[in-house]
Every structure is written in structure tokens, then in C-alpha cells.
């Protein structure tokens, strides 16, 4: 395999129309093979992919690629009338082939087809790997699940055979079996692939890991777990170097103070000797002059040592990452252990969520998990035969997938004040700071915030509500969150002492919540109680 880069960034800068700088003189390269691109929300990962794909124009600098670039955005825009062939991106080619086969020899059809006369057979071969075939090309995307649509779109990129392909958070909303299929596709990817993802399991299927951090791009030869271990070792070494440098600085400063003390003592002794007439005046003057020169030289040497030690401290500190952590002190909703909060019902079966239990609701795409949560919190009538929920408390918070419960024109303070009107502004601001919302992000309209900031505002309205919620209902809360933000979400929920009912396909996240109960919905919409997450997914 060639070791020449497939993507090269040259002083790449991009500013949004309002003047916000997303990337500033970024340099770096992506090598052949499969690369996982990681970094915090707001680091510029999605912006970088759009610049590489040519969907955005750099403010300055440039991007070089070895050829055409295929791109899959975070969110697919699907129209009900779109066919599977259209989602694959080959509808025009198939139509052109159909015209030619019916005798239409217009040159534009041949231009559209190019070298893709075998596109239907190639599509059939690749679709077969995800449970479809050439016979499905004319089906409408409305007939397939969201997860299946995502796999079809990714398969379309494989059919188009671009030298470079970019995938932006492809596992969002995918169930466990679909994620496993995607991992198999990544394993077999024929060209260069760059994947932005917070899915730790998918990131184990890449050859190298690139990180966008603090405006710089760095690349490590290995999957995420190896990169993460390397980062931890580097950080441990950096922290030790910072401690050693700080200690050396203290020593140099102490020696500087001790030297000044000695010099002052000598000067006092010399003045006393001269005053007492112990030596001639001319000799005393010569000695004083020499002493001053020596003292000046000593001070200069010691100052240089202190400055060098301070520079070493600054250099060592620069290598230490200051990742912030969430440590919330939340009011206790005082939920008795036997208090029934939710009933999940189907036919003669009832599953109860009670006390401060932490419950995961899992199942394949299309099984009805989000529908059940929406019915639960709105109290609407369920479909006949479908499972339904009964809320037994009016003190609950609901976090939908689309985060559409916020006042977009109000700032974070106003959104939290709406659910906690009796709490002083200073207390709200302090709690928002603990949720890593500070400075202008607290006072700007929500619509202007980044995805990660919007999520934390939504979370704040749940966790900081007065009176405190007895139950939190969360629907895929880790979608579009970077790995650090997922860790911070776990930290925030650790301080909550009410009940949790969480829908998520992210098993690594669910395992860290300390689950008391797993409820599964199968393909037929049947509810069951499971003893563990493993039992809900045979492919795990």
C-alpha cells in the first residue's frame, strides 16, 4: 500500500460568515487505509470533512486529495419518493442504461453511464451484504428503516468507488446488529476512508486514529484503544514532567532568595567594618565595587536559572491536557425505594420502574422504543397491541433525540430560569459553570450554540429543575456527542438520585450508568425483562 497521503491540509483556515473561526492555519495529512477522526464537539471535525468534500470553500489555505471524494453527512435528508437506487446515487445511471437498452442513443446517456455499465450487478453484490438486492433498487426509502437507509447510503459510496470516502457519525441511531454490519463494511473498505465517530467499537476497526485538538491535527498508527492508551501514557509522563519542572522552579527560586539573603548579610558586614574603621577607605571602596560586580553577576546567573526553570514549567504545562470534569451537587428528589414511577404495559404483562432505579430500554431500529417514550410522556393513546407506558409521577424530565424542547431565542440562563423560577441567578450560573457552560455561552441565544453546548443546556433544564424531577426519560442522549462529552454526561448523571429510563444503542454508555434493569422490545414489538445488556443482542 502506498504511504503517500491521500488528503493533505495546507494552512487550512475557515471562518463562518459571522467571523467565528472554525479552523485556523491547520496543517496535516491523512494516509491510505481507514482512519478514525476524533475530537471534542466544536473542534471542527464536521467542518473539516465538508472542506475536504468540497462542500465548503476555505477562507485561506487549501486541501489536496488524490482524487474524487465521497461524503456521508451526519443526517441523511430523505424524501419519501426517493428510491433505493436514488439513495445509492445510481438512479441516473440506471435510467440512462434503460434508455440505451430501449434504443435511445442520445450521447448524454453514454456520458452519464461512463464506465458504469455493470453498476446494477455491482449494486446487487454489495446490497446482498446488507440484506437487499438488485430487485430492491426501485423500492422507496419510506419502506426501509433509518438504520437500513444509512447502510444503503454507505453502500452507494462503495459502488461509486471514489478514492477517498468520508463518513460523519455513521452509527447515530443504528441498532446493535446494524452497527455490526457497518463494522464489517468498514473492514472491507477498498479505498481510503475517514470516519468521524464517537462509537468506540467502530473505532476499533480502523488502521489509524487522527485527533483534532486545540487547532492541531495529529495521527497515531493504531485503533482508538491503542491511541487512548498511548495518550494516557503521554499524559502521565507530561504530568510527571510538569511536577518535576515545578519542583525545580521552586528550588531555583529558593536558591535565589537564599543568595539575596547572603548578599545582604555581606553588605551589612562590609558597611559595619567600614564604619568601625577596620580597613582604609580606598580599600573598602575597591572591595565594595568588586562585591557589587560579583553580586550583579550572581544575580544575573540566578535570574537566568529561574527564567530557564519557568520556561521548563511552561513547556511541561503545555503538554498537559486540562480536560474538565462535571461534578454536580443536585437536590435530592427524595424518591422512596418502593415508589412506583412508571408502568410499561403490554397485554397482561406490566414492568414497573420504581424508586431510584436506572433502566435501559433497548431493541432494534423500528421496534418502537422512541414511540413508547413519546407516548409515555405525552399520555396519548397507544396503537392497538403495542406496548404503552403509564406515568405515575408529574415530576419528570424528558430529553428527546432532537433536543427540541428549548426556547431557541432565549439564552441558557432564561431556559433554566423557566424551570427553576425560585432559584437565584447566581446559583443557576454556578451550576451551569459546573456543566461547563460559562462566559458568552450562558448569555447567547440557544440557536447560536454548538451541538454540545445545546445538549448541556437541555440537560441543565432537566437536572436543575425545581422541584427536582423524580424521573428522567432520555432518548438516545449520546447521539452527536463526542467521546469526552459522553464521559461528562455520565459524570452529570452520577449526581442524580432519581430514576432513569434511557433508550440507547450505545452499550458502553449504558454499562457505565450502573443499570438496575434492562427492558427489551423485539422486532415484533414485544416487551420483555432482561437480566443484562448482553442478552438483548446475540451479536454482541
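In the UniProt record's numbering, the protein residues as written are 1 to 540.
The C-beta atom is built at its ideal place from N, Cα and C for all residues, glycine as well.
Contact annotation: residue 326 and residue 491 have beta-carbon atoms nearer than 7 Å.
The beta-carbon separation of residue 526 and residue 346, rounded to 7 Å, stays under the 8 Å limit for a contact. Residue 462 sits in a helix when the DSSP states are folded into three classes. For residue 61, no alpha helix (DSSP H) encloses it; the enclosing beta strand (DSSP E) starts and ends at 60-65. Restricting attention to alpha helix (DSSP H) runs no shorter than 4 residues, the segment 80-120 encloses them at 84-88, 91-101, 107-113, ordered along the chain. For residue 189, same chain residues with a beta-carbon under 8 Å away, outside a window of 5 residues either side, are 34, 158, 165 in chain order. Just so you know, the alpha carbons of residue 425 and residue 412 end up roughly 11 Å apart. A straight line joining the alpha-carbon of residue 81 with that of residue 112 spans about 22 Å. Restricted to the segment 501-535, the alpha helix (DSSP H) segments that are unbroken, complete and at least 4 residues in length are 507-511, listed in chain order. If you draw a straight line from the Cα of residue 469 to the Cα of residue 445, it is about 25 Å long. The continuous stretches of alpha helix (DSSP H) do not include residue 13, which lies in the beta strand (DSSP E) extending over residues 7-15.
Excluding sequence positions up to five before and after residue 134, its CB lies within less than 8 Å of the CB of 120, 121, 123, 124, 127, all in the same chain and listed in chain order. Here residue 173 carries a coil assignment [DSSP, helix/strand/coil]. For the options 473, 138, 11, 167, the alpha carbon positioned closest to that of residue 46 is the one of 167. The DSSP-derived three-state label of residue 252 is helix. A residue is called buried once 16 or more other Cβ atoms fall within 10 Å of its Cβ, and residue 450, having fewer, is exposed.
For residue 139, there is no enclosing beta strand (DSSP E), since its DSSP letter is neither H nor E. Separation of residue 240 and residue 250 (C-alpha to C-alpha, rounded to the nearest whole angstrom) is 15 Å. If you draw a straight line from the Cα of residue 207 to the Cα of residue 71, it is about 19 Å long.
Counting along the chain, residue 168 sits inside the beta strand (DSSP E) bounded by residues 164-168.
In this model, residue 448 and residue 422 are separated by some 27 Å (Cα to Cα). The alpha carbon of residue 394 has as its nearest neighbour, out of 162, 372, 377, 224, the alpha carbon of 377.
Secondary structure of residue 132 (DSSP, three-state): coil. For residue 377, no beta strand (DSSP E) encloses it; the enclosing alpha helix (DSSP H) starts and ends at 369-378. Boundaries of the alpha helix (DSSP H) around residue 493: 483-494. The straight-line gap separating the alpha-carbon atoms of residue 74 and residue 148 is approximately 15 Å.
Contact check for residue 36 against residue 186 fails: the beta carbons are separated by 7 Å or more. Nearest Cα to residue 481 within the set 306, 42, 407: 42.
Where residue 210 is concerned, the enclosing beta strand (DSSP E) starts and stops at 208-213. Inter-residue distance for residue 9 and residue 155 is about 27 Å (C-alpha atoms, whole angstroms).
With respect to the C-alpha of residue 502, the residue from 427, 435, 397, 404 having the closest C-alpha is 397.
With a minimum length of 4 residues, the unbroken runs of alpha helix (DSSP H) contained wholly in the segment 375-420 fall at 412-419. Contact between residue 471 and residue 499 holds: their C-beta atoms lie close to 5 Å from each other, under 8 Å.
Taking 8 Å as the upper bound for CB-CB distance, residue 342 and residue 391 are in contact here, some 6 Å apart.
Judged by pairs of C-beta atoms under 8 Å, the segment 297-307 touches the segment 253-268, as three or more such pairs exist. Here the alpha carbons of residue 48 and residue 55 stand approximately 10 Å from one another.
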